[in-house]
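Encoded as structure tokens, the structure appears first; notes follow it.
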Amino acid sequence: MADQSSVTDGIHYHQHDVVIVGAGGAGMRAAIESAPKASTAVITKLYPTRSHTGAAQGGMAAALANVEEDSNEWHTYDTVKGGDYLTDQDSAEILTREAIDAVYDLENMGLPFNRTPEGKIDQRRFGGHTRDHGKAPVRRACYAADRTGHMILQTLYQNCVKHGVQFFNEFYVLDLVMAEIDGVKRVSGVVAYELATGEIHVFQGKSVIFATGGFGKIYKTTSNAHTLTGDGVGIVWRKGLPLEDMEFYQFHPTGLAGLGILLTEGARGEGAILRNASGERFMERYAPTIKDLAPRDIVARSMVQEVLDGRGAGPHKDYVYLDCTHLGAEVLETKLPDITEFARTYLGVDPVTERVPVYPTAHYAMGGIPTNNDAEVLADNETVVPGLYAAGECACVSVHGANRLGTNSLLDINVFGKRAGNNAVAYAQTADFVDLPADAADGVVKLLAQLREGTGTENVAEIRKALQETMDRNAQVFRTDETLQTALADIAVLRTRYPNVRIHDRGRRFNTDLLEAVELGFLLDLAEIVVVSAINRKESRGAHMRDDYPTRDDENYMQHTMAYRTAGDIGLPQEIRLDWKPVRFTHYEPQERKY
Amino acid sequence: MAATQITDNDTTPEPVDSAAEAADRQVQAADAIEEPQSFPVTVIVRRYDPEIDDEPRWVDYDVQMFATERILDALHRIKWEQDPSLAFRRSCAHGVCGSDAMRINGKNRLACKALVKDFDTSKPIYVEAIKGLPLEKDLIVDMEPFFDSFREIQPFLQATGKPEKERHQTIAQRERFDDTTKCILCAACTTSCPVFWTDGQYFGPAAIVNAHRFIFDSRDEASQVRLDILNDREGVWRCRTTFNCTDACPRGIQVTKAIAEVKQAMMTGVKL
């Protein structure tokens, strides 16, 4: 399945049945399905093993019942309740039902899970995962020490090597090519910038899968990698396709204070406890039944509340403690070795003997590119874009609703990555290529030329820093109309400054200066959508906590936000139209959310 | 944060009460200490842009740093505040993605795991690309030869039959290859190896580490295939046990030991 390529007017043209954008967990899981059956290209901004799936730590949920009674129906209930009833319930049922095979698939591919004494896959507790509809925490997370994501990423890459998957490493996709045929928008391919050479490549594909990950870099304090700038989500947005539930952004409770580096919830799964300055186990007050293992939105809010009420620790009373000291050196060294080392390296704190300063860190986008259960991208509430798929953090099915449970994202990338791969192949086997328009690459050529040749005086890093600071201050765990309006006004100013950024590196090779300028454009677009969607939702649900509207309002807001771009070139104000999409229910009536 | 550092070596797992006391001490100690101060650090980077330069050149940069910051932070400060043309790879910034292996004061490190306080900042800190792979620009090298070696050792589980659920493996069998599953393919080990520097054909430590990960996995059935590949003239026997690789590994993998175990397996068979 060699790459069919040619060069015309300095632009490289390639043709593959299936084109996958992104080589994290979802992209590679899709490639493993698609590559044996159809010519497949994986186009990735990073070497595949650098993807941020590798930073996930704690585990992957599946009701295997290897260590205690469990059922995927309980898992569905937890996922729906964890998502504060914004989760689409049929999607959650698929997620939890297919979870079991998803874990066995990975084990069969070689993933070295931790084992029980009987030699089965071991399982640990995690936030919001419970026995029998909330009675007590359950051991559902399959894990490999505290590097489960690393092992998933390695295993998937290893199997891509096995299947001879063709990767285009350090190719940065910047545009999606669509063509309208008989009034229907169809996918034709993508346009990429090759970092090593500065050359432009057009990849024509019968089907295209976006698996480009999240956009945590709209925030300053984040567990996300520098490269998580939401390019894929931004590209889809700029093509006039909607984005769903963008106001729901998860803050992981236990980031290393001041740094945002993730410490897995698996630590609390193994028994670690959150304490305030006086040593009190404060989660007993907020979630009396499951305490420190409440879902992330609740724990993050409780931590911030402790600090706001003056019970924070440290010289500025601005963090709380994660106490692992009673777990013992052996548990820390064998089950939580990486986070033990992170605390030692970056804070100089030894979790074996000392409490670790922690504070919530921007972590995960529940929202993103809307898809149906077949991973097909939606152009509105129902209409599919033929040939276009999305999976993983960039997508919104929605299996996570208003708040994702820990270990459900490693699950999501495997279940919906596999679905995307299978469905993209099935589509490619029946569909023809859609002709590329003659000007397919023009948009990217123009975008890069504008940036590269700009003569302005603005600095990319300064604008990015200002954006991240206003988002950290104003679109945080707690938000109000006032703070969000401040963020919106700040973003508007930054957007007017952006067209005047100056690129200092005028070269072609590995021009990371240019790359960062392009990424900043996506960050500005996405941050604005997050804020506008958040202003519009005048209630508190899941990760979206409005101090000025502190309760959930099912009558008016039991629905997904759908944001559409109606106008706005690069640097000009965006016009965003908001609409709603109904939540799909099966068995679970909305209830007050208590733990 | 350095203010919270208290060593307490005389106790093993502490009961909650004494941990509470320790936390109080942490707070008190922190209260007593002033805000951390930044200080100037000179970083000298080996720059090379083949579109401009005939050969690499060393360039000095003065940056204000805090003791607890990373060398990666220094590089970002240079790029974002002084010279945006500086090119380097990075992603996760906390030692798990393997993007930013570089040679810092002559030793291979991840820039995101090397802290300023670990260096004598009265002298300049020298940063250059890892050695032995083709230099592309500044701190970026061509990683393809490295990944070629990795792919050559068949780095994927090979097992016949499709079990209904998981393949079973005892805790001890799983432990047997735990160390080598930590590899993040950053190339710090391979590009610290003097044999690799002089002979680009050598598989290098990282490929052998990844072969080890499967050779000693009780579920795998192709150990002999990999041993045969590594029994090649450019295979494990080129290793001179200089331990550079073990010193360089940011994941703490006992690389030289893993290579020795592969050598041993060639002579006496795989012992699981």
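If you're matching them up, the sequences are chains A and B in order. Reading the first sequence from the start, the letters are residues 621 to 1215 in the numbering used here. Reading the second sequence from the start, the letters are residues 92 to 363 in the numbering used here. Where a beta carbon is used, it is the ideal one built from N, C-alpha and C, also for glycine.
Asked, Found
"Taking Cβ to Cβ, would you say Ile918/A is nearer than 8 Å to Asn779/A?", "no"
"Please work out which residues of its chain come closer than 6 Å, Cβ to Cβ, to Glu219/B, disregarding the five sequence neighbours upstream and downstream, and give them in chain order.", "Arg137, Arg194"
"Per the DSSP calculation, Ala761/A is bridged to which residue(s)?", "Ala681/A, Arg744/A"
"At what residue ranges does the stretch 941 to 1007 of chain A contain a whole run of the beta strand (DSSP E), taking only runs of 3 or more?", "976 to 985, 996 to 998"
"Name the chain A residues whose beta carbon is nearer than 8 Å to that of Pro246/B?", "Gln778, Val781"
"Does any residue of chain A have a CB that is nearer than 8 Å to the CB of Pro147/B?", "no"
"Return yes when the C-beta of Gln709/A is under 7 Å from any heavy atom of the ligand FAD, and no when it is not.", "Inclusion of the ligand FAD in the displayed structure is not the case, the ligand content being empty and no account of it being possible."
"At 3 residues or longer, what runs of the beta strand (DSSP E) sit wholly inside the stretch 845 to 902 of chain A?", "869 to 876, 893 to 895"
"Starting from Gly674/A, find everything on chain B with Cβ-Cβ shorter than 8 Å and list it in chain order.", "Cys183, Val187, Cys188, Ile275"
"Excluding the five sequence neighbours on either side, which residues of its own chain have a C-beta within less than 8 Å of the C-beta of Thr1075/A, listed in chain order?", "Arg1122"
"Kindly list the residues whose CB is nearer than 6 Å to the CB of Phe1036/A, restricted to its own chain and excluding five residues on each side of it in sequence; keep chain order.", "Ala995, Ala1011"
"My output table needs one value for Glu814/A: the three-state DSSP class, helix, strand or coil.", "strand"
"If you measure beta-carbon to beta-carbon, which residues of the stretch 703 to 732 of chain A are closer than 7 Å to chain B?", "Tyr724, Glu727, Asn728, Met729, Gly730, Pro732"
"Assuming contact is defined by CB atoms lying nearer than 8 Å, are Ala661/A and His636/A in contact in what I supplied?", "yes"
"So if DSSP puts Ser827/A in a beta bridge, which residue, or which two residues, is it bridged to?", "Val638/A"
"The alpha helix (DSSP H) with Ile299/B in it runs from where to where?", "296 to 306"
"Start and end of the alpha helix (DSSP H) containing Thr699/A?", "692 to 702"
"Measure from the C-beta of Phe835/A to each C-beta in chain B and report whether the shortest distance is under 8 Å.", "no"
"With Ala1061/A and Ile820/A assumed to form a contact (beta carbons below 8 Å), what rounded beta-carbon distance in angstroms separates them?", "5 Å"
"Is it true that the stretch 259 to 274 of chain B meets the stretch 166 to 183 of chain B, where meeting means three or more beta-carbon pairs spaced less than 8 Å apart?", "no"
"Got a sec? Which residues, its chain only, sit under 7 Å from Gly930/A by beta carbon, not counting five neighbours each side?", "Lys937"
"Out of Lys228/B, Gly291/B, Leu248/B, Lys204/B, which has the shortest C-alpha to C-alpha gap to Phe237/B?", "Gly291/B"
"Given this structure, state the Cα-to-Cα distance separating Ile829/A from Asp795/A, to the nearest angstrom.", "13 Å"
"DSSP beta-bridge partners for Val1017/A?", "According to DSSP, which records beta bridges pairwise, Val1017/A is partnered with nothing at all."
"Name, going along the chain, the residues of the stretch 1167 to 1182 of chain A whose beta-carbon falls closer than 8 Å to a beta-carbon of chain B.", "none"
"Is there a Cβ from chain A that is less than 8 Å from the Cβ of Thr289/B?", "no"
"Can you tell me whether Gly860/A is buried or exposed? The criterion is at least 16 other CB atoms within 10 Å of its CB, across all chains shown.", "exposed"
"Whose C-beta lies closer than 6 Å to the C-beta of Pro1006/A among residues of the same chain, with five residues either side of it excluded?", "Arg806"
"Check Gly343/B in the structure and name its three-state DSSP category.", "coil"
"On the DSSP bridge assignment, give the partners of Ile631/A in chain order.", "Thr628/A"
"Is the shortest distance between the beta-carbon of Ile1196/A and the beta-carbons of chain B less than 8 Å?", "no"
"Applying the criterion that 16 or more other CB atoms from any shown protein chain within 10 Å of the CB defines a buried residue, is Phe334/B buried or exposed?", "exposed"
"Along chain B, in chain order, which residues have C-beta atoms closer than 8 Å to that of Ala845/A?", "Ser182, Cys183, Ala184, Cys188"
"Which residue's Cα is closest to the Cα of Ala722/A: Tyr1177/A, Ile1033/A, Ala1048/A?", "Ile1033/A"
"Using the Cα positions of Ala816/A and Asp233/B, report the straight-line distance between them to the nearest angstrom.", "9 Å"
"State yes or no: is the beta carbon of Arg258/B nearer than 8 Å to at least one beta carbon in chain A?", "yes"
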